[in-house]
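Read in order, the letters of the sequence shown correspond to residues 1075 to 1197 in this note's numbering.
Down below is the structure, laid out as structure tokens.
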Amino acid sequence: MNLFISTRQSRTVQPLTDGAARLPVWHRWAPAVLLTLGLALSGLLASATPQNGHAVAVILPPWNSFADAATTVAAAGGTIKGTGLWDSIVTTSLEGPDGAERLRHNGAWLVIDAAAARGCLTL
1075 MNLFISTRQS
1085 RTVQPLTDGA
1095 ARLPVWHRWA
1105 PAVLLTLGLA
1115 LSGLLASATP
1125 QNGHAVAVIL
1135 PPWNSFADAA
1145 TTVAAAGGTI
1155 KGTGLWDSIV
1165 TTSLEGPDGA
1175 ERLRHNGAWL
1185 VIDAAAARGC
1195 LTL
């Protein structure tokens, strides 16, 4: 269906195209950006499996304070070795085969290898 609109400046008639032309520019490339970020994140998480005895990054919900992070790590039987960019990101060492599971049980969102996360999380 072609509709025609008139512009006052040039006095020419231009066809009104389908709804895609009316969308803001970012609507066109947002799905590609989200897909790319999702693939990059899944690759990071796949390569960042924590190993016993190695340093791990513990990522808690962003509204948690450093005290909450320290409590989570202490409840799982660890000690904080370093901090990340935000108070809710800390590094610790895993002790025992179920160390990552204990951290998740005590409130950690993610437990990943600290060496793999170092560049992204400023550890």
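Here a beta-carbon is modelled for each residue, glycine too, at the ideal position from N, C-alpha and C.
Since we're looking at a predicted model, the values are computed, not measured.
- Look at the beta carbons and you see the stretch 1102–1120 not touching the stretch 1147–1157: under three pairs across the two are nearer than 8 Å.
- Take the alpha-carbon of His1128 and the one of Ser1167: they are about 6 Å apart.
- Put simply, the stretch 1129–1138 touches the stretch 1173–1184. At least three CB pairs are less than 8 Å apart.
- Excluding five sequence positions before and after Thr1165, the CB atoms of its chain that fall closer than 8 Å to its own CB belong to Ala1129, Val1130, Ala1131, Val1132, Ile1154, Lys1155, Gly1156, Thr1157, Gly1158, Ala1188 and Leu1197, given in chain order.
- For Arg1176, the CB contacts under 7 Å within the same chain, skipping 5 residues up- and downstream, are Ala1150 and Gly1151 in chain order.
- Residue environment: Gly1112 is assigned as exposed (fewer than 16 neighbouring CB atoms within 10 Å of its CB, all protein chains considered).
- Within the stretch 1131–1177, the complete beta strand (DSSP E) runs of at least 3 residues fall at 1154–1157 and 1163–1167.
- Around Pro1124, the same chain offers Val1130, Leu1168, Gly1173, Ala1174, Val1185, Ile1186 and Asp1187 as residues with beta carbons nearer than 8 Å, after the five sequence neighbours per side are excluded.
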